[in-house]
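Heads up: take any position in the sequence shown, counting from 1, add 860, and you land on the working numbering. Heads up, the beta-carbon is just placed ideally off N, CA and C, and yes, glycines get one too. The structure presented is a predicted model; accordingly, all values stated were derived computationally and were not measured. What follows is a short report on a single structure.
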Amino acid sequence: MLKRVAVVIIAALLLCACSRKEYEEITFSSWGSATEVQILKDIIKEFEQQNNGTKVNFIHIPQNYFQKIHLLFASQKAPDVIFINNLYLPVYASKLEDLSKKVTVNEFYPQSIQALTVDGKLYAIPRDISTLVFYRNKSLINKTPQNLDELIKIISDVKPYGISYERDIYFALPYILTFNENIYNPDKSIVFYKSLEGKYAPAPYQVGSSTLAQMFMDGKIGLYLSGRWMYPKIKERASFDWDVITFPGTVPLDASGWAVSRDSKHKKAALEFVKFLSSSQSSRYFTSTGLIVPARIDTAKNLDNKVFLDAIDKSKVIQIDKNYRKITDKMNKELFK
């Protein structure tokens, strides 16, 4: 009798050991505000609960993100899952897993898929889309320009300033694209863009210790060119009547998403986590911050301001190579001395 009991116990233990999911530990890196970090921690907790046996170690890198990611790759300590954007994606594409067959592409805006694709391979599953729009102070400007000529007419009589102006090639891109010029060799568009400074837009010395965002929220700028990331702050602080309108031309489109390191020793768990991060439920969490325009079509349908979706239709995905950052840094030095 005792022998039979012992055999049953041993068999049960062996069965448990065989059926028990092997414990795995993956690392995950991201930048982000305090609000985004809290959402990420909540998502990680939920993922761990649903995937008993998988632990996610979160690496928050709030500053100098890609410099630190570069060092981690160089020392062969790259995270298993990496949050990345299309501007840096070509630099690390050779070190990332091809996710082309791991995603249902029609769930996402095709522009976001295109932005995160290098040489025909998808290296990150999209989280969000980023474009530029005009935040409009309706007490200063009540018209909507349809082209650049109309834009100049509308802002010409606005005081103190009709429009914002940044000494940065990124904010010049809408003008370059609207002029249909090569982004690496702009001509007339840059002349047009630089003519805004001091005449219709504040020069740096007029901004002083403030910021263009703060000047807009103080009611000093009619049209402020920025992205979705400014929406929550303006909504909270602006005391005047304002809205969002599309740029009267073509704007650049960027995207961010979740990538998997090619050298990951836990690819299966990493892929499961990426799928969880890019799910409808997780997308709704991120969208609730008000900071992003979701790349998932089903989530974007419920966005509180449809102008950001209209901007996608007026956008262009810029084909970026691994030298993009070096070239644009050089352009900033040469064009905006």
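Inset, instruction - Would you identify the three-state DSSP class for Tyr-983, choosing helix, strand or coil? - result: As a first step, residue 983 is located in the sequence shown; it is residue number 123 there, counting from the start. Coil, per DSSP.
Legend entry - Reference Gln-936, options Asn-917, Tyr-948, Leu-956, Gln-923, closest by Cα: As a position in the sequence shown, residue 936 is number 76, starting the count at 1. Just measuring C-alpha positions, the residue of Asn-917, Tyr-948, Leu-956, Gln-923 sitting nearest Gln-936 is Leu-956.
Inset, instruction - Write down every uninterrupted run of the beta strand (DSSP E) in the region 947–992 whose length is 3 residues or greater and which is fully enclosed by it, in chain order. - result: Those beta strand (DSSP E) runs which fall completely within the region 947–992 and span 3+ residues are 985–990.
Inset, instruction - Report all residues from its chain with a CB closer than 8 Å to the CB of Tyr-1044; omit the five preceding and five following residues, and keep chain order. - result: Start at 1 with the first residue of the sequence shown, and residue 1044 comes out as number 184. Excluding residues within five positions, the ones whose Cβ falls inside 8 Å are Ile-1187, Met-1191.
Inset, instruction - Within 10 angstroms of the Cβ of Val-971, are there 16 or more other Cβ atoms? Answer buried if so, exposed if not. - result: The sequence position of residue 971 within the sequence shown is 111, counting from 1. One detail in the question is off: residue 971 reads as Gln in this sequence, not Val. Counting Cβ neighbours within 10 Å, Gln-971 comes out buried, since at least 16 surround it.
Inset, instruction - Hey, could you find the ends of the beta strand (DSSP E) Ile-886 is sitting in? - result: Here residue 886 is taken as the residue at index 26 of the sequence shown, counted from 1. For Ile-886, the enclosing beta strand (DSSP E) begins and ends at 884–890.
Inset, instruction - Tell me whether the beta-carbon of Leu-1083 lies closer than 8 Å to the beta-carbon of Ile-1023. - result: The residue given as residue 1083 occupies position 223 in the sequence shown. The residue given as residue 1023 occupies position 163 in the sequence shown. Against a cut-off of 8 Å, the Cβ pair of Ile-1023 and Leu-1083 comes out as a contact.
Inset, instruction - Note down the Cα distance separating Lys-881 from Ser-990, rounded to an integer number of angstroms. - result: Residue 881 sits at position 21 when you count from the first residue of the sequence shown. Residue 990 sits at position 130 when you count from the first residue of the sequence shown. Note that Lys-881 has pLDDT 49, beneath the 50 cutoff, so the model's placement of it is unreliable and no number is given.
Legend entry - Lys-998 and Asp-1101 closer than 8 Å at C-beta: Residue mapping note: residue 998 aligns to position 138 of the sequence shown, counting from 1. Residue mapping note: residue 1101 aligns to position 241 of the sequence shown, counting from 1. Contact: yes.
Legend entry - Candidates Leu-931, Pro-1020, Tyr-969, of which the one nearest Val-1177 by Cα: Here residue 1177 corresponds to residue number 317 of the sequence shown, with the count starting at 1. The candidate whose alpha carbon is nearest that of Val-1177 is Tyr-969.
Legend entry - Cβ contact (3+ pairs, closer than 8 Å) linking the region 944–956 and the region 1107–1124: Verdict: yes, contact present.
Inset, instruction - Using three-state DSSP, classify Ile-1014 as helix, strand or coil. - result: Locating residue 1014 in the sequence shown gives position 154, counting from the first residue. Ile-1014 falls in the helix class under three-state DSSP.
Legend entry - Residue range of the alpha helix (DSSP H) that includes Lys-1128: Position 268 of the sequence shown, counted from the start, is the residue given in the question as residue 1128. Residues 1127–1137.
Legend entry - With 16 other Cβ atoms within 10 Å as the buried cut-off, status of Gly-1130: Working through the sequence shown from its first residue, we reach residue 1130 at position 270. A quick correction: the sequence has Ala, not Gly, at residue 1130. Ala-1130 is buried by the Cβ-count criterion.
Legend entry - Which residues DSSP lists as bridging Ser-1121, in chain order: On the sequence shown, position 261 is the one that residue 1121 refers to. The secondary-structure analysis by DSSP pairs Ser-1121 across a beta bridge with Leu-956.
Legend entry - For Tyr-1084, the first and last residue of its enclosing beta strand (DSSP E): Indexing the sequence shown from 1 puts residue 1084 at position 224. Bounds of the beta strand (DSSP E) holding Tyr-1084 are 1081–1086.
Inset, instruction - Could you check which residue in Pro-922, Pro-1112, Leu-959 has the C-alpha nearest to that of Glu-1132? - result: Position 272 of the sequence shown, counted from the start, is the residue given in the question as residue 1132. Distances from the alpha-carbon of Glu-1132 to those of Pro-922, Pro-1112, Leu-959 put Leu-959 closest.
Legend entry - Terminal residues of the alpha helix (DSSP H) in which Phe-1031 lies: For this step, residue 1031 is matched to residue 171 along the sequence shown. Per DSSP, Phe-1031 belongs to the alpha helix (DSSP H) from 1029–1038.
Legend entry - Identity of the residues DSSP links to Tyr-1021 by a beta bridge: Translated into the one-based positions of the sequence shown, residue 1021 becomes position 161. Ile-1081, per the DSSP bridge assignment.
Inset, instruction - Give the single residue among Val-951, Pro-922, Ile-919 whose Cα lies nearest to the Cα of His-930. - result: Position 70 of the sequence shown, counting from 1, holds the residue named residue 930. Ranked by how close their Cα comes to the Cα of His-930, the residues Val-951, Pro-922, Ile-919 have Val-951 in first place.
Legend entry - N-terminal and C-terminal residue of the alpha helix (DSSP H) that Thr-1159 is part of: Along the sequence shown, one-based indexing puts residue 1159 at 299. Note, Thr-1159: alpha helix (DSSP H), 1157–1160.
Inset, instruction - Give a single yes or no on whether Asn-1162 has its beta carbon closer than 7 Å to a heavy atom of the ligand FMN. - result: This structure lacks the ligand FMN; in fact it carries no ligand of any kind.
Inset, instruction - Work out the CA separation of Ile-1157 and Ile-904 for me, nearest whole Å. - result: Translated into the one-based positions of the sequence shown, residue 904 becomes position 44. Translated into the one-based positions of the sequence shown, residue 1157 becomes position 297. Their Cα atoms are separated by approximately 23 Å.
Inset, instruction - Would you mind reading off the limits of the beta strand (DSSP E) that contains Thr-1106? - result: Here residue 1106 is taken as the residue at index 246 of the sequence shown, counted from 1. 1102–1106 is the span of the beta strand (DSSP E), which, as asked, contains Thr-1106.
Inset, instruction - Give the DSSP-derived three-state secondary structure of Asp-1009 in the structure shown. - result: As a first step, residue 1009 must be located in the sequence shown, where it is residue number 149. Of the three classes helix, strand and coil, the one that applies to Asp-1009 here is helix, per DSSP.
Inset, instruction - Give the DSSP bridge partners of Asp-817, in chain order. - result: Past the edges of the chain, shown from 861 to 1197, lies residue 817, and the structure says nothing about it.
Inset, instruction - Tell me whether the beta-carbon of Asn-917 lies closer than 8 Å to the beta-carbon of Phe-888. - result: Residue mapping note: residue 917 aligns to position 57 of the sequence shown, counting from 1. Residue mapping note: residue 888 aligns to position 28 of the sequence shown, counting from 1. Closer than 8 Å, so yes.
Legend entry - CA-to-CA distance, Tyr-1021 to Asn-1042, given in whole angstroms: Working through the sequence shown from its first residue, we reach residue 1042 at position 182. Working through the sequence shown from its first residue, we reach residue 1021 at position 161. Going by the C-alpha atoms only, they are around 29 Å apart.
Legend entry - Sub-8 Å separation of Ser-1049 and Tyr-1060 beta-carbons: The residue labelled residue 1049 in the question sits at position 189 within the sequence shown. The residue labelled residue 1060 in the question sits at position 200 within the sequence shown. No, the Cβ-Cβ distance between Ser-1049 and Tyr-1060 is not below 8 Å.
Inset, instruction - Tell me whether Ala-1160 is buried or exposed, calling it buried when 16 or more other Cβ atoms sit within 10 Å of its Cβ. - result: For the purposes of this step, residue 1160 is taken as the residue at position 300 of the sequence shown. With 16 or more Cβ atoms within 10 Å of its Cβ, Ala-1160 is classed as buried.
Inset, instruction - State buried or exposed for Tyr-1065, treating a residue as buried only when at least 16 other CB atoms are found within 10 Å of its CB. - result: Walking along the sequence shown from the start, residue 1065 turns up at place 205. Flag for Tyr-1065 reads exposed.
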